[in-house]
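Enquirer: Here it is, the structure, as structure tokens.
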Amino acid sequence: MKKGSGGWRKLGDKEEQFYQLLDYVLEGLRDLKTAIRKGEGLQGQEETKIDVKEIWCKGLNRPLAGDDTSLYVKEAKSALRRMKAAKILLNTVLDTLGATIRTVTNDVLQDCRATGLASLPDEILGCIFETYSEMCILSQSDGHLSSSKHSQILASVSKRFRRVALRHSNLWKHVSLQFSKERLLLHKDRCPKPIIYFDTINMLSPAETDHRDKFDMIQPYQDWRELHLTYANEDHGHVYYDHLRSLITGPLESLKYLKISDELKLEDEDSSIYLDADDPDLLTLRSWQMPNLSHLELNNTILMAPLQSENVTQFSMTINSLEEENLDMDAIQTLLQSMPRIESLLFNVNGGVDFSHTPETPLELPNLATLALQIDGKTSFTAYEQLLALVNTQDLTRLTVEFLPGCEHSQDLFPTWIYTVFPFVHPDLRPPYPRVKEFKLELHHFQSASGYICGIFRAMPSAENITLILHHEDPKLIYCWEEMMAASSQGLRSLRIELPNACPHDFAPEVGRLADFFGDGYWDQLEIFELQFRSSDDAEHEKTRLHRVLGEKLRWME
2 MKKGSGGWRK LGDKEEQFYQ LLDYVLEGLR DLKTAIRKGE GLQGQEETKI
52 DVKEIWCKGL NRPLAGDDTS LYVKEAKSAL RRMKAAKILL NTVLDTLGAT
102 IRTVTNDVLQ DCRATGLASL PDEILGCIFE TYSEMCILSQ SDGHLSSSKH
152 SQILASVSKR FRRVALRHSN LWKHVSLQFS KERLLLHKDR CPKPIIYFDT
202 INMLSPAETD HRDKFDMIQP YQDWRELHLT YANEDHGHVY YDHLRSLITG
252 PLESLKYLKI SDELKLEDED SSIYLDADDP DLLTLRSWQM PNLSHLELNN
302 TILMAPLQSE NVTQFSMTIN SLEEENLDMD AIQTLLQSMP RIESLLFNVN
352 GGVDFSHTPE TPLELPNLAT LALQIDGKTS FTAYEQLLAL VNTQDLTRLT
402 VEFLPGCEHS QDLFPTWIYT VFPFVHPDLR PPYPRVKEFK LELHHFQSAS
452 GYICGIFRAM PSAENITLIL HHEDPKLIYC WEEMMAASSQ GLRSLRIELP
502 NACPHDFAPE VGRLADFFGD GYWDQLEIFE LQFRSSDDAE HEKTRLHRVL
552 GEKLRWME
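Using the working numbering, the first residue of the sequence shown is number 2, and each one after it goes up by one.
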């Protein structure tokens, strides 16, 4: 019996023939069971191995020399037909078993999840809640939190969920001045060290940003762990700074993270991203004592005088300019130099802007070890040359570069960006990033970029841990492996390749090249090789091929 488009149909249209075939399969399975009970097995030494031919081809013995072979050939052909028909039958049975497994799995999936959560200890359940809470916050891409009520939802599911939710203060740490007064009081009672959001991006006028009547309903400023200031333009910002001037009258002892974001729009032609030294808004910011501030993030905001931020270790600057202009490099240098403990820098400059001049010498930042660059398709090459001139790249140990295409011509400009960030140097000269140990490269929609990627690794010969994130659905790294090996052969320890939009089948040609590459003995010192794909049901062949060469070094993630 075969399984056709209309379901089961009789083998050879003879019902009796199907029953005989079924009896043949069942008898073979019974013989297998008997042999296993006797201590035999399908694998192992010859003396204990099951004679499968005797099970499926009973009595089929090759004739002795000189005997007539015609009868043997006839019986052998009949046995082959019977075994092939049995295999078809078993495959059909396996298909029905697989379909049933999927059906039952889908039927009980929700019940299993609920049962699984209910069986977890309170502490683990609380950690899951906190992870869910952070995912909800990250999904609010515009920073507007007023509609995010994940904490209340979790606390309303059941008595146990409510008990766990109320016990974990981090579920209630995100507090927006756009919350209702009742909701603000809930968060105030449940989290002593909040993250405060002043947010006007959905406000129509500065008058709508007046939240002074809510100040008594949030935690005291001395207890704020983070402060996020997001305003639609400088007029809205003035209102916030006026409010904060009257609210904050002493040291912000708990503050570790400060973000200032001016979300200026195209129609705001008169709005400026500068806060001048004598501007009341900047004077307010400069009056704040922030002894424990470790992370400062500025979006579309250039401070013309430094803050009391000498203990900052992480600094991020994003500029989304609406028109071409020479940004004040002196102000940026002064600000960075006022934070001598900086360990990590992130620059994200989008638009056709550049800076007033190129620094002649790098800044004195002795602790700086990490640099991250996010480059948009509209970005000026000159802007990044000027930013890189701020940094002593010779001392960096971690480097992250993300290329984000922002215009239709970005593909053609990609080589120039590569040469800007990773300038070619003569082999006899010192490379630009000689001490970088950890490197991460993320590409969006750049096809056939491998030819340019090769040159990157010559700029960092000491790289030990490399991560490549390739978002395009055509993840070709052709001819790249030899270059990476030549540049990093002395110390490469881990290589991670993430292909978020690709299935293993899309990567099959590269898997073959990789297997040959590793099989030739390259990168013997490699400890981890990780491949991450979009989930796929048919990846076992590629995975097995690589695992045969790499063994436990391989991490295959879907």
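Ideal placement from N, C-alpha and C gives every residue a C-beta, glycine not left out.
Is the distance from the Cβ of Leu172 to the Cβ of Leu155 below 8 Å?
Expert: Along the sequence shown, read from residue 1 onward, the residue named residue 172 stands at position 171. Along the sequence shown, read from residue 1 onward, the residue named residue 155 stands at position 154. Yes, the pair counts as a contact, with Cβ atoms nearer than the cut-off.
Enquirer: For Ile261, which of Leu248, Glu344, His244, Leu286 has the nearest alpha-carbon?
Expert: The residue labelled residue 261 in the question sits at position 260 within the sequence shown. Among Leu248, Glu344, His244, Leu286, the Cα nearest to that of Ile261 is on Leu286.
Enquirer: Please list the terminal residues of the continuous alpha helix (DSSP H) segment that includes His473.
Expert: Position 472 of the sequence shown holds residue 473. Premise fails: His473 is in no alpha helix (DSSP H) and is neither H nor E.
Enquirer: Could you pull the start and end residues of the beta strand (DSSP E) that Tyr198 belongs to?
Expert: In the sequence shown, counting from the first residue as 1, residue 198 sits at position 197. Run containing Tyr198: 196–200, per the beta strand (DSSP E) assignment.
Enquirer: Which residues does DSSP list as the beta-bridge partners of Trp557?
Expert: Mapped onto the sequence shown, residue 557 falls at position 556. DSSP lists Leu532 as partners of Trp557.
Enquirer: Across which residues does DSSP place Lys260 in a beta bridge pair?
Expert: Looking up residue 260 in the sequence shown gives position 259. Beta-bridge pairing links Lys260 to His229, Glu298.
Enquirer: Which residue wins for smallest C-alpha separation from Ala119, given the options Lys88, Phe162, Glu135?
Expert: As a working mapping, residue 119 is identified with position 118 in the sequence shown. The candidate whose alpha carbon is nearest that of Ala119 is Phe162.
Enquirer: State buried or exposed for Leu267, treating a residue as buried only when at least 16 other CB atoms are found within 10 Å of its CB.
Expert: Within the sequence shown, residue 267 is the residue found at index 266, counting from 1. With a pLDDT of 48 at Leu267, under the threshold of 50, the modelled position of that residue is not reliable, and the figure given next carries that caveat. With fewer than 16 Cβ atoms within 10 Å of its Cβ, Leu267 is classed as exposed.
Enquirer: Going by C-alpha to C-alpha distance, which of Thr398, Pro416, Asp396, Arg168 sits closest to Phe404?
Expert: Looking up residue 404 in the sequence shown gives position 403. With distances taken between Cα atoms, Phe404 lies closest to Pro416.
Enquirer: In this structure, how does DSSP classify His175 when only helix, strand and coil are distinguished?
Expert: For the purposes of this step, residue 175 is taken as the residue at position 174 of the sequence shown. His175: strand per DSSP, three-state reduction.
Enquirer: What residue does the alpha helix (DSSP H) around Leu389 start on, and which one ends it?
Expert: The residue given as residue 389 occupies position 388 in the sequence shown. 382–389 is the extent of the alpha helix (DSSP H) around Leu389.
Enquirer: Assess contact between the region 289–296 and the region 349–367, defined as three or more Cβ pairs (one per stretch) separated by less than 8 Å. Is contact present?
Expert: Flag = no, the region 289–296 and the region 349–367 do not touch.
Enquirer: Could you give the distance in angstroms between the alpha-carbon of Lys554 and the alpha-carbon of His548?
Expert: Here residue 554 refers to the residue found at position 553 when the sequence shown is read from its first residue. Here residue 548 refers to the residue found at position 547 when the sequence shown is read from its first residue. So the two alpha carbons sit approximately 8 Å from each other.
Enquirer: Tell me the residue span of the beta strand (DSSP E) that contains Val443.
Expert: Counted from its first residue, the sequence shown places residue 443 at position 442. Checking the sequence shown, residue 443 turns out to be Glu, not Val. Here the beta strand (DSSP E) through Glu443 covers 439–444.
Enquirer: Should Lys189 and Gln220 be called a contact, given that it needs their Cβ atoms to be closer than 8 Å?
Expert: What you label residue 189 is simply residue 188 of the sequence shown in a count that begins at 1. What you label residue 220 is simply residue 219 of the sequence shown in a count that begins at 1. Taking 8 Å as the Cβ cut-off, Lys189 and Gln220 qualify as a contacting pair.
Enquirer: Residues in the same chain with beta-carbon distance under 7 Å from Pro307, minus the five sequence neighbours each way, listed in chain order, please.
Expert: Position 306 of the sequence shown holds residue 307. Counting only Cβ-Cβ distances below 7 Å, and skipping sequence neighbours, we find Thr335, Leu336, Ser339.
Enquirer: If you draw a straight line from the C-alpha of Arg459 to the C-alpha of Pro432, how long is it?
Expert: Start at 1 with the first residue of the sequence shown, and residue 459 comes out as number 458. Start at 1 with the first residue of the sequence shown, and residue 432 comes out as number 431. Computed Cα separation, rounded: 7 Å.
Enquirer: Note down the Cα distance separating Ile470 from Val512, rounded to an integer number of angstroms.
Expert: Walking along the sequence shown from the start, residue 470 turns up at place 469. Walking along the sequence shown from the start, residue 512 turns up at place 511. Distance between the alpha carbons of Ile470 and Val512: 16 Å.
Enquirer: Going by DSSP in three states, Val578 sits in which element: helix, strand or coil?
Expert: The chain is shown from 2 up to 559; residue 578 falls before or after that span and cannot be answered.
Enquirer: I'd like to check one pair, Ser536 with Glu559: are the Cβ atoms closer than 8 Å?
Expert: Taking the sequence shown and counting its residues from 1, the one referred to as residue 559 is at position 558. Taking the sequence shown and counting its residues from 1, the one referred to as residue 536 is at position 535. Against a cut-off of 8 Å, the Cβ pair of Ser536 and Glu559 comes out as a contact.
Enquirer: Can you tell me the Cβ-Cβ gap for Phe348 and Leu369, rounded? I've got them flagged as a contact below 8 Å.
Expert: Here residue 348 corresponds to residue number 347 of the sequence shown, with the count starting at 1. Here residue 369 corresponds to residue number 368 of the sequence shown, with the count starting at 1. Actually they do not touch by this definition, with Cβ atoms about 13 Å apart.
Enquirer: Expressed to the nearest angstrom, what Euclidean distance is found between the alpha-carbon atoms of Ile376 and Pro363?
Expert: Numbered from 1 along the sequence shown, position 375 holds the residue referred to as residue 376. Numbered from 1 along the sequence shown, position 362 holds the residue referred to as residue 363. Ile376 and Pro363: Cα-Cα distance of roughly 21 Å.
Enquirer: Measuring only the C-alpha atoms, how far is Glu235 from Tyr242?
Expert: Counting from one through the sequence shown, the residue named residue 235 turns up at place 234. Counting from one through the sequence shown, the residue named residue 242 turns up at place 241. Those two C-alpha atoms are separated by around 10 Å.
Enquirer: So Glu254 and Pro292 are supposed to be a Cβ contact under 8 Å. How far apart are they, rounded?
Expert: Working through the sequence shown from its first residue, we reach residue 254 at position 253. Working through the sequence shown from its first residue, we reach residue 292 at position 291. Indeed they touch by this definition, with Cβ atoms about 7 Å apart.
Enquirer: Checking 8 Å against the spacing of the C-beta atoms, do His151 and Ser170 come in under that value?
Expert: Along the sequence shown, read from residue 1 onward, the residue named residue 151 stands at position 150. Along the sequence shown, read from residue 1 onward, the residue named residue 170 stands at position 169. In this structure, Ser170 does not lie closer than 8 Å to His151 by Cβ.
Enquirer: Within the same chain, show all residues whose beta-carbon is closer than 7 Å to that of Gly238, passing over the 5 residues directly before and after it, in chain order.
Expert: Residue numbering aside, residue 238 sits at position 237 when the sequence shown is read from its first letter. Only Tyr232, Asp263, Asp282 meet the Cβ criterion.
Enquirer: What's the gap between the Cα of Leu400 and the Cα of Val437?
Expert: If you number the sequence shown from 1, residue 400 lands on position 399. If you number the sequence shown from 1, residue 437 lands on position 436. Those two C-alpha atoms are separated by around 7 Å.
Enquirer: Could you check what DSSP says for Leu20 in three-state terms: helix, strand or coil?
Expert: Locating residue 20 in the sequence shown gives position 19, where the first residue counts as 1. The sequence given here places Tyr at residue 20; Leu does not occur at that position. The answer is helix: DSSP assigns Tyr20 an H, G or I state.
Enquirer: Would you mind sorting Gly8 into buried or exposed? The rule is 16 or more other CB atoms within 10 Å of its CB.
Expert: Translated into the one-based positions of the sequence shown, residue 8 becomes position 7. At Gly8, the pLDDT of 45 sits below 50, so the modelled position is not reliable; the number obtained from the coordinates is stated separately. The residue is exposed, with fewer than 16 neighbouring Cβ atoms inside 10 Å.
Enquirer: Rounded to whole angstroms, what is the Cα-Cα separation between His358 and Ile303?
Expert: By one-based count along the sequence shown, residue 358 stands at place 357. By one-based count along the sequence shown, residue 303 stands at place 302. Spanning the two alpha carbons is a distance of roughly 16 Å.
Enquirer: When the Cα atoms are used, what is the spatial distance from Arg103 to Asp96?
Expert: Residue mapping note: residue 103 aligns to position 102 of the sequence shown, counting from 1. Residue mapping note: residue 96 aligns to position 95 of the sequence shown, counting from 1. The alpha-carbon atoms of Arg103 and Asp96 are separated by roughly 11 Å.
Enquirer: Alpha carbon to alpha carbon, how far is Ala503 from Leu551? Give it in angstroms, no decimals.
Expert: By one-based count along the sequence shown, residue 551 stands at place 550. By one-based count along the sequence shown, residue 503 stands at place 502. Distance between the alpha carbons of Leu551 and Ala503: 22 Å.
Enquirer: On the DSSP letters alone, give me the boundaries of the beta strand (DSSP E) that Phe316 sits inside.
Expert: Numbered from 1 along the sequence shown, position 315 holds the residue referred to as residue 316. Its beta strand (DSSP E) spans residues 315–321.
Enquirer: Could you tell me which of Val422, Phe519, Glu124 sits nearest to Glu386, measuring between CA atoms?
Expert: On the sequence shown, residue 386 is found 385 positions in, with the first residue counted as 1. Answer by Cα proximity: Val422.
Enquirer: How is the alpha helix (DSSP H) around Arg246 delimited, first residue to last?
Expert: To locate residue 246, count along the sequence shown from 1; it is residue 245. Per DSSP, Arg246 belongs to the alpha helix (DSSP H) from 235–248.
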